[in-house]
Amino acid sequence: MIIVANRLPFQVSLKKGDLSFQPGTGGLVTSIRAYVESAKDTASALPLWVGTADVPEKKFRECVKGGSVVHEGYVLHPVFLPAKTWNRYYNGFCNDTIWPLFHYFPSFARYNEEYWQEYVNANHAFCGKILALYRPGDIIWIHDYHLMLLPALLREKLPGATIGFFLHIPFPSFELFRLLPDRWRKDILNGLLGADLAGFHINNYVQYFLKSVQQLLGYDHSLRTITTPDRIVTADTFPVSIDYERWSNAFLDPRVFEQRNKVKKKLAEARIIISVDRLDYAKGIINRLKGFELFLEQNPERIRKVVYVLQVVPSRDIITQYRENKKELEGLVSRINGRFGKLDWTPVVYRYSTLDFDSLCALYMAADIALIAPLRDGMNLVAKEFVACRKDKRGVLILSETAGASVELGEAIIVNPTDRQQIADAIVRALDMPIEEQMARMNDMQKRLQHYDVVRWAEDFLSQLRQIKARQESFSVREVTPAIEQGILMKYRDSHKRIIFLDYDGTLMPFARLPNLAVPDKKLLKLLNRLAEDERNTLMLISGRDKVTLDSWFGSMPIGLVAEHGACYKLKDGEWVFSAKQCSGWKSAVLQTMQVFNDRCAGTFTEEKTLSLAWHYRNAEKELGFLRSRELITALSELSASLDFQLYEGEKVVEARARGIDKGTTAAMLMNGSNYDFILAIGDDRTDEDLFKVIPGDQFSIRVGLVPGLAKYNFRRQKDVIVFLEKLVALEDTEREGPEVQEGDERSGQADPLR
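When we follow the numbering used here, the leftmost residue of the sequence shown carries the number 422, and every step to the right adds one.
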């Protein structure tokens, strides 16, 4: 396994000319280390960890031979970035652009092109390091917002690699994500789609990601699986957790319990409220303090009986907003203590420092209430640590509804972090909660965390990563590989009587914003003419288009045409023949219904044909268009019970057409009794499934796009169809020219002396 994160799991420094390693902090590092530790006995090799180091490259290489070092079960491979790149990539784009925007502070985000360029450069540097390390069969697991371009960079160089990505912060709503410049936001989404599996903490983040992909890139999704032109990618929910047993067992450690007792004694046995946060404006510490201040105002009888221990861990002091946040925080602490404090009692005990594991556990165990109310947090592991530490099942968790952990820890008192009154009321409720209720709530939360701990989280992610890879590989067998293509070409070359069915929109031509804009170009017309010139070929364009349009584009060419998905057809040099009665009594009712939905959904329109009506929603807002299409299908399904039409759904279109009409029925009629020894059908959407269904198993059907269905094979992209048809034509040209005349051959008029 190759684990990739912004930093190595250890803080590396130089002491007396040698490297020194201190365990890294933060949720990402502690989560991964806990999993790796649990899996070390079954792992076939030590995991590789790629990340930046804190020592200069020259000094590192003087201490280490070979560019890597083994430490505590990891093979560490540092990435060294120039100082300018590091500053603009990490302090700039990561923490001045992505962090505030993804945490719903858009006014703090800076859109600096130099930051973006260095973010790109840093991701390329990580890519180069991984490419040098990668061996076939490795799993690459990339972590967090610093490296959102990396999956696609690796995919380009390692198309078959197994790549997972996990985002440890929120993914924002589409309305926020779209604030990024167009090129940046699309590159980030495409970057993440380079992974086989993209993981997020909670379902909301998955849905925001899927909507952004759909709105900005146009890729649809079903059951959290995104179909891109090249691959299928899955996005799913994996709530990161903690090493539950480690935190729970701390309760039994005499040293921790002694520290806990000292905390209780020092605070004169007052009821203790705690919070533990990094210094960060997204943590909502200011709002929390104001909520506590309001609690003291409204409950003067609680004065001297409650203490709020505010533990703040230093973080990113170099960033302006963090420095300003610290200044405001300390001013507010002084105000509350000055306003309510007594000589023998300080309402807010403020500590700006880091805590070791034992001290942190002691604080959790001493607390009556943990007040965890960030304005926005991807998960918040502090809430889970507090719950795990309370083996006595005492204590109350007050938790923000905008922390990812609130989805799992519903037994906590859930609050809006901006609502001062709700925070004040929650403190009162927590202080007055009976012991029996505390224990019942704690018990339920602990069971959940014990069941889905950090090891289960990692195993869940990696298991799904393997499953999606297996699904891709089983599906890729159907893709038209060079070997499969060669087989089709040879069968085509050796055949004597052929019929070729080609869909138009999405197959021969890309989709256009409006149907009348998808006019065939000269290159396509020439290609179809060349195919039709071969007397062995019967070429049939089988489309949903109306006969007037098809006639205007292709009527003068020696090819057959099938209009309206089989409603009517004409053979080469023939006249139009209708496959069904031209009974259209149902059309007025359907047209009226479709018009209602046109009015309700901007960008939609109805296309009227001889025996069908098509409601197009390609140009509508994607989510609303899809919703309205479901409603329209429901409405028309009720109509079809009493009227003589049937419903079909295609690519961004809902179509009503006369009963008994589909591409398969017409194609089967055209093939009947003709003894074709080569049959080929190419299409791109659901309406072509009827066509694929009637193609004999020993012949060839190909669907455009990596979508499962009845087709025998798949092309990745629409343009692959054109390339393939050009190869058919080239094969015919080779046959017509005959064997090449070799220099010195008797056919050149000169005898070959070697013969």
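Glycine included, every Cβ here is placed at the ideal spot set by N, Cα and C.
In this text the structure is predicted, and so the values were computed from the model without any measurement.
Here Glu714 is buried: its Cβ has 16 or more other Cβ atoms, across all protein chains shown, within 10 Å. Counting only the Cα atoms, Ala1010 lies some 47 Å from Glu906. Counting the other Cβ atoms within 10 Å of the Cβ of Leu469 gives 16 or more, which makes it buried. A direct Cα-to-Cα measurement between Arg599 and Arg606 gives close to 7 Å.
For Leu497, the enclosing beta strand (DSSP E) begins and ends at 495-500. Our two residues, Val998 and Lys1008, have alpha carbons roughly 21 Å apart in a direct line. Fewer than three Cβ pairs drawn from the stretch 781-788 and the stretch 637-649 lie within less than 8 Å of each other, which leaves the two stretches out of contact.
Beta-bridge analysis with DSSP links Gln432 to Gln443. Around the beta-carbon of Val1017, fewer than 16 other beta-carbon atoms lie within 10 Å, marking it exposed. For Met911, no pairing in a beta bridge is given by DSSP. Around Ile694, the same chain offers Tyr729, Ile790, Leu792 as residues with beta carbons nearer than 6 Å, after the five sequence neighbours per side are excluded. With contacts defined by Cβ atoms closer than 8 Å, Pro499 and Leu429 form a contacting pair. The continuous alpha helix (DSSP H) containing Thr1087 extends over residues 1084-1092. The stretch 1089-1109 and the stretch 861-873 do not touch, with fewer than 3 CB-CB distances between them shorter than 8 Å. Of the candidates Asn958, Ala455, Phe481, Phe481 places its Cα closest to the Cα of Asp439. For Val697, DSSP records a beta bridge to Gln732. DSSP, reduced to helix, strand and coil, places Trp766 within a strand of the structure shown.
Beta-bridge partners of Gln1067 (DSSP): Arg1078. Note on His564: 16 or more other CB atoms within 10 angstroms of its CB, so buried under the neighbour-count rule. Leu1060 is positioned such that its CB atom lies closer than 8 Å to that of Thr1014. Ranked by how close their Cα comes to the Cα of Gly558, the residues Ile423, Gly908, Ser452 have Ile423 in first place. Relative to Leu1032, the option among Leu1045, Ala794, Leu1012 whose CA is nearest is Leu1012. Taking a C-beta distance under 8 Å as the contact criterion, Ala824 and Ala845 do not qualify as a contact pair. In the three-state reduction of the DSSP assignment, Met422 falls in the coil class. Beta-bridge partners assigned by DSSP to Lys991: Leu982. Of the residues assessed, Gln719 falls on the exposed side of the cut-off, its CB having fewer than 16 other CB atoms within 10 angstroms. Closest in C-alpha terms to Ala879, from the list His492, Gln1067, Phe431, Ile560, comes Ile560. Within the stretch 818-869, the complete beta strand (DSSP E) runs of at least 3 residues fall at 834-836.
By the Cβ rule, the stretch 675-683 does not count as touching the stretch 818-834, because fewer than three pairs are nearer than 8 Å. Put simply, the stretch 950-967 touches the stretch 924-941. At least three CB pairs are less than 8 Å apart.
Here Ile519 is near Tyr566, since their CB atoms are less than 8 Å apart. Here the stretch 654-669 makes contact with the stretch 614-628; the two share three or more CB pairs at distances below 8 Å. Contact between Cys1022 and Leu1057 is absent: CB atoms are separated by about 15 Å, not below the 8 Å threshold. Straight-line measurement puts the Cα of Gly612 at about 20 Å from the Cα of Gly1126. At the C-beta level, Asp1105 and Asp994 stay beyond 8 Å of one another. For the pair Ala1132 and Phe1113, the CB atoms are nearer than the 8 Å cut-off.
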